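**Student:** After the structure tokens below, expect a handful of questions from me.
There are 2 protein chains.
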Amino acid sequence: MRKRRSLAMNLDAVAQKAGVSTSTVSRVLNNLEIVKTSTRSRVLKAAEELNYHPNLHARSLARGKSRILGIIVSNMENPFFLDIYRTLESDAHGQGLEVVVANTDYRSEQLLASVQLMIGLRVAGLAVIVSEMEDHLIQTVADSRIPAAFYDVGTPQKNITNIRVDYRKGIKKTVGYLCALGHRRMAFVGHHSTLGPISERRKAFLESVHRCSPSAEAKIFAGPDGLDGGRQAARELLESDFRPTAILCVNDFMAVGVMRELHEEGLQIPKHISVTGFDNIKLAEFCSPPLTTNHIPRDQIGHTIFDHVLGDGREQRDTGREIVIDPELVVRDSTGIAAKN
Amino acid sequence: MRKRRSLAMNLDAVAQKAGVSTSTVSRVLNNLEIVKTSTRSRVLKAAEELNYHPNLHARSLARGKSRILGIIVSNMENPFFLDIYRTLESDAHGQGLEVVVANTDYRSEQLLASVQLMIGLRVAGLAVIVSEMEDHLIQTVADSRIPAAFYDVGTPQKNITNIRVDYRKGIKKTVGYLCALGHRRMAFVGHHSTLGPISERRKAFLESVHRCSPSAEAKIFAGPDGLDGGRQAARELLESDFRPTAILCVNDFMAVGVMRELHEEGLQIPKHISVTGFDNIKLAEFCSPPLTTNHIPRDQIGHTIFDHVLGDGREQRDTGREIVIDPELVVRDSTGIAAKN
DNA sequence: CCAATTTCTGCAAACGCTTGCACGCAGAAC
DNA sequence: GTTCTGCGTGCAAGCGTTTGCAGAAATTGG
Numbered sequence: 029m030r031k032r033r034s035l036a037m038n039l040d041a042v043a044q045k046a047g048v049s050t051s052t053v054s055r056v057l058n059n060l061e062i063v064k065t066s067t068r069s070r071v072l073k074a075a076e077e078l079n080y081h082p083n084l085h086a087r088s089l090a091r092g093k094s095r096i097l098g099i100i101v102s103n104m105e106n107p108f109f110l111d112i113y114r115t116l117e118s119d120a121h122g123q124g125l126e127v128v129v130a131n132t133d134y135r136s137e138q139l140l141a142s143v144q145l146m147i148g149l150r151v152a153g154l155a156v157i158v159s160e161m162e163d164h165l166i167q168t169v170a171d172s173r174i175p176a177a178f179y180d181v182g183t184p185q186k187n188i189t190n191i192r193v194d195y196r197k198g199i200k201k202t203v204g205y206l207c208a209l210g211h212r213r214m215a216f217v218g219h220h221s222t223l224g225p226i227s228e229r230r231k232a233f234l235e236s237v238h239r240c241s242p243s244a245e246a247k248i249f250a251g252p253d254g255l256d257g258g259r260q261a262a263r264e265l266l267e268s269d270f271r272p273t274a275i276l277c278v279n280d281f282m283a284v285g286v287m288r289e290l291h292e293e294g295l296q297i298p299k300h301i302s303v304t305g306f307d308n309i310k311l312a313e314f315c316s317p318p319l320t321t322n323h324i325p326r327d328q329i330g331h332t333i334f335d336h337v338l339g340d341g342r343e344q345r346d347t348g349r350e351i352v353i354d355p356e357l358v359v360r361d362s363t364g365i366a367a368k369n
Numbered sequence: 029m030r031k032r033r034s035l036a037m038n039l040d041a042v043a044q045k046a047g048v049s050t051s052t053v054s055r056v057l058n059n060l061e062i063v064k065t066s067t068r069s070r071v072l073k074a075a076e077e078l079n080y081h082p083n084l085h086a087r088s089l090a091r092g093k094s095r096i097l098g099i100i101v102s103n104m105e106n107p108f109f110l111d112i113y114r115t116l117e118s119d120a121h122g123q124g125l126e127v128v129v130a131n132t133d134y135r136s137e138q139l140l141a142s143v144q145l146m147i148g149l150r151v152a153g154l155a156v157i158v159s160e161m162e163d164h165l166i167q168t169v170a171d172s173r174i175p176a177a178f179y180d181v182g183t184p185q186k187n188i189t190n191i192r193v194d195y196r197k198g199i200k201k202t203v204g205y206l207c208a209l210g211h212r213r214m215a216f217v218g219h220h221s222t223l224g225p226i227s228e229r230r231k232a233f234l235e236s237v238h239r240c241s242p243s244a245e246a247k248i249f250a251g252p253d254g255l256d257g258g259r260q261a262a263r264e265l266l267e268s269d270f271r272p273t274a275i276l277c278v279n280d281f282m283a284v285g286v287m288r289e290l291h292e293e294g295l296q297i298p299k300h301i302s303v304t305g306f307d308n309i310k311l312a313e314f315c316s317p318p319l320t321t322n323h324i325p326r327d328q329i330g331h332t333i334f335d336h337v338l339g340d341g342r343e344q345r346d347t348g349r350e351i352v353i354d355p356e357l358v359v360r361d362s363t364g365i366a367a368k369n
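Chains as they are written, first to last, in my numbering: chain A, 29 to 369; chain B, 29 to 369.
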């Protein structure tokens, strides 16, 4: 005896109990039609009685593939990512696929571990929803030959499908809207991973403000992603000598944190200062005041990713390299006419 | 040739390239010390060059167990559950375990599928964070012999470890606090799965209100869990003829929804009406007004579960059956003196 | 230089499942 | 009563690892 097995819950046990061979049991459990009805029910009964659950590892190994969709997310706490995750999950379940998620918390070591995990699991498809990823890791995924799609990965890469949001367009629109309301001093609040050296968003913001009026002022602040991060960035802003009449936030989650801090400092929104966000998460309707924001269709993103990885769009996987999604401005009560100086 | 393999990325390939046997490669990859340094580096180099990633299914199969913590959650959207999940995840990673999550969305068919998945994966341990679970499913988990812990599963069961919060105590305290502020008409807002026939919370609420004053009035409302559900319950309340001066919500997430609806109907909090929640999620500090709530230590819950499943507390797994956690009232700005009629 | 250790490596079985192939056996056709 | 179908089942190989055991190689002591 090489090893003590805790419970002998395997095909063999069921086969013996039902008086058939393992092949037959396997066929019954996989709904192959070739099995006689009487044998079939006998097997089913035996499996039931033995409380048998097929070993998914063995199954994947034998089949040479798994029925698992892998999802890597940078920040599950942010409802934006959570929504994408949930869409993916529901699509996957719709196709009878299981889902394995890994959370990276924006930590690159966790990202690496997550990628290894997914490859090790030989997932049938992989969705990567992290804001930033080193090129060599992207390459690792590509080399693994696992059908994959990325959301908004920093630099566009040769061989991969990348879904991204045109933040530039959204920022332009938002700044334009604020400009029309008379705002001439605006701040941008980002989180750390939106601030890489090549940050398109930062540039778009500065350009847009300048286009509003050459004399308009712009400044950029940042904190970690999340409610606290937003609050922290707002505090920095308040402690600086910059007094904007409007603040653009890189996402709604941070915007809520920003609004809280402003509120506690006695600033009224939008009377004293306007605030906008991105994403249009559920919370944007529920905070006070409801947030003016840029709607980004998470469900569309999720469906698109799924389609390119495991769905019907699979065939064009190798052709469609980059899919761009446009945000749409949703005006609520957190923005108004610029306060006079 | 029986089957076309996409990529021959297995131990054999590495072994051949390094000119050793698969056993040696295995030993290197598992950091067994018996390997000579020179061979070791040769193997490592080969693995690197071939872009090799061990097949986790094969590994689990051979080892007869996996290094995976399974987590089943009813509603990832609710920050309360999310926090527990994150604590578990971080504990697991701390021990080099991977994590697989399944979301049930309060749907029992999903719960069943999730349980099957976890058993099929032969997870090393299982945490079940769903508010309600049928007895036979609990039994299935118990029969699987997988170390498991449940959070607040409806009926206490013979053979399992159950961590639960003493909502009764929290509700008593909250009602007492409101009573002292002069409230005599209170509503309770729950979600559907807190309303089973044996609902301890509902009873605790009614009793507590009665204890406050025999003539005090109490009524119960409900919606689905979540922001929208809270709003929906609040709308029902507003459309009824019941005019409470305070509303206790079963969790903060719903409370935020409730507050939003009240606000839009022109009711001021806490001037016209007081609102309380449970959980003390991050958002409770960030909403307007900040929410008076009952703190429930998610991290403690998470750590406790992990400990009982896979951590050091493992030894007592079969002894400690029920662990009770007390909530603690946190007073913020959403509660005040009862409005006079 | 040989024997006795000790260190390192390879062989092969096992993990639990899937699946191509072949075979048994019933009924149909002749 | 043969031969021919073809359905239903079993055999056994293979999926990619781990690991006990035994044997090879290196080291040591005498």
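Built from N, CA and C at the ideal position, the CB exists for glycine as well.
If you're wondering where the values come from, they're calculated on a predicted model, not measured in any experiment.
At a CB-CB cut-off below 9 Å, which residues of chain B make contact with K310 (chain A)?
**Tutor:** Near K310 (chain A) (Cβ distances below 9 Å), the residues of chain B are E105, G254, L255, D256.
**Student:** Is the Cβ of V352 (chain B) closer than 8 Å to any Cβ of chain A?
**Tutor:** For V352 (chain B), the answer is no, since every Cβ of chain A falls outside 8 Å of its Cβ.
**Student:** May I ask you to report which of helix, strand or coil DSSP gives V166 (chain A)?
**Tutor:** Note on residue identity: the sequence assigns Ile, not Val, to residue 166 (chain A). Residue state, collapsed to three classes: helix.
**Student:** I'd like the list of long-range same chain contacts for G305 (chain B), defined as Cβ closer than 7 Å, with 5 residues on each side in sequence excluded.
**Tutor:** Excluding residues within five positions, the ones whose Cβ falls inside 7 Å are C277, N279, D280, A283, A312, L319, T321.
**Student:** Count Cβ pairs between the region 86-99 of chain A and the region 112-129 of chain A that sit closer than 8 Å; are there 3 or more?
**Tutor:** Judged by Cβ distances under 8 Å, the region 86-99 of chain A makes contact with the region 112-129 of chain A, as three or more pairs qualify.
**Student:** Name the one or two DSSP bridge partners that F314 (chain B) has.
**Tutor:** In DSSP, F314 (chain B) forms no bridge with anything.
**Student:** Can you say whether I174 (chain B) is buried or exposed, counting buried as having 16 or more other CB atoms within 10 angstroms of its CB?
**Tutor:** I174 (chain B) should be labelled buried.
**Student:** Identify whether Y205 (chain B) lies in helix, strand or coil by the three-state DSSP scheme.
**Tutor:** The answer is helix: DSSP assigns Y205 (chain B) an H, G or I state.
**Student:** Our contact map puts I188 (chain A) next to I166 (chain A) with C-beta atoms below 8 Å; I'd like the distance itself, whole angstroms only.
**Tutor:** Confirmed, Cβ separation roughly 6 Å.
**Student:** Going by DSSP in three states, F281 (chain A) sits in which element: helix, strand or coil?
**Tutor:** It is helical.
**Student:** Along the beta strand (DSSP E) that carries T304 (chain A), what are the first and last residues, could you check?
**Tutor:** 302-307 is the extent of the beta strand (DSSP E) around T304 (chain A).
**Student:** Terminal residues of the continuous beta strand (DSSP E) containing E245 (chain B)?
**Tutor:** It spans 245-251 - the beta strand (DSSP E) in which E245 (chain B) sits, taken as one unbroken run.
**Student:** Hey, is L84 (chain A)'s beta-carbon within less than 8 Å of any beta-carbon in chain B?
**Tutor:** Yes, L84 (chain A) lies at the interface with chain B (some Cβ there is under 8 Å from its Cβ).
**Student:** Bridge partners of R192 (chain B), per DSSP?
**Tutor:** B:V352.
**Student:** Between V48 (chain B) and T222 (chain A), what straight-line distance do the alpha-carbon atoms span, to the nearest angstrom?
**Tutor:** Distance between the alpha carbons of V48 (chain B) and T222 (chain A): 47 Å.
**Student:** Using a beta-carbon distance below 8 Å, is R33 (chain B) in contact with chain A?
**Tutor:** Since pLDDT at R33 (chain B) reaches only 43, below the 50 mark, its modelled position is unreliable, and the value read off the structure follows with that caveat. Output row for R33 (chain B): interface = yes.
**Student:** Which residues of chain A have a Cβ atom closer than 8 Å to the Cβ of N79 (chain B), listed in chain order?
**Tutor:** Neighbours of N79 (chain B) on chain A, chain order: T168, D171, S172.
**Student:** May I ask you to list, following chain order, the residues of the region 138-158 of chain B that have a beta carbon less than 7 Å from some beta carbon of chain A?
**Tutor:** Hits within the stretch, in order: Q144, L145, I147, G148, L149, R150.
**Student:** Identify the contact partners of G285 (chain B) in chain A, using a Cβ-Cβ distance below 8 Å as the criterion.
**Tutor:** Here the neighbours are F314.
**Student:** Buried or exposed for F60 (chain A), going by 16 or more other Cβ atoms inside 10 Å?
**Tutor:** Correcting the residue identity first, residue 60 (chain A) is Leu in this sequence and not Phe. Classification of L60 (chain A): exposed, given that the 10 Å Cβ count is below 16.
**Student:** For I365 (chain A), name the three-state secondary structure that DSSP assigns.
**Tutor:** In the structure shown, I365 (chain A) sits in coil (DSSP, three-state: anything other than H, G, I, E or B).
**Student:** Spatial neighbours of T67 (chain A) within its chain, please: C-beta separation below 7 Å, excluding the five flanking residues on both sides.
**Tutor:** So the qualifying residues of the chain are V48, T52.
**Student:** Looking at the C-beta of N59 (chain B), does it have a partner C-beta in chain A at a distance below 8 Å?
**Tutor:** It does not; no Cβ of chain A falls within 8 Å.
**Student:** How would you list, in chain order, the residues of chain A whose beta-carbon sits under 9 Å from the beta-carbon of L110 (chain B)?
**Tutor:** Near L110 (chain B) (Cβ distances below 9 Å), the residues of chain A are M104, E105, L110.
**Student:** Mapping DSSP to helix, strand and coil, what is V337 (chain B)?
**Tutor:** In this structure, V337 (chain B) counts as helix in the three-state DSSP scheme.
**Student:** From the DSSP secondary-structure annotation, give me the bridge partner or partners of M214 (chain B).
**Tutor:** Partner(s): B:A246, B:A274.
**Student:** Express the C-alpha separation of E105 (chain B) and G148 (chain A) in angstroms, rounding to a whole number.
**Tutor:** Near 28 Å, if we compare the C-alpha coordinates of E105 (chain B) and G148 (chain A).
**Student:** Please check if any C-beta of chain A sits within less than 8 Å of the C-beta of F288 (chain B).
**Tutor:** One detail in the question is off: residue 288 (chain B) reads as Arg in this sequence, not Phe. With 8 Å as the cut-off, R288 (chain B) counts as an interface residue toward chain A.
**Student:** Let me check understanding here. Comparing Cα to Cα, which of A:D171, A:S268, A:N190 lies closest to V158 (chain A)?
**Tutor:** When only C-alpha atoms are compared, the closest one is A:N190.
**Student:** Taking the alpha-carbon of L154 (chain B) as reference, which of B:T50, B:V101, B:M287, B:R229 has the nearest alpha-carbon?
**Tutor:** The residue with the shortest Cα to Cα distance from L154 (chain B) is B:V101.
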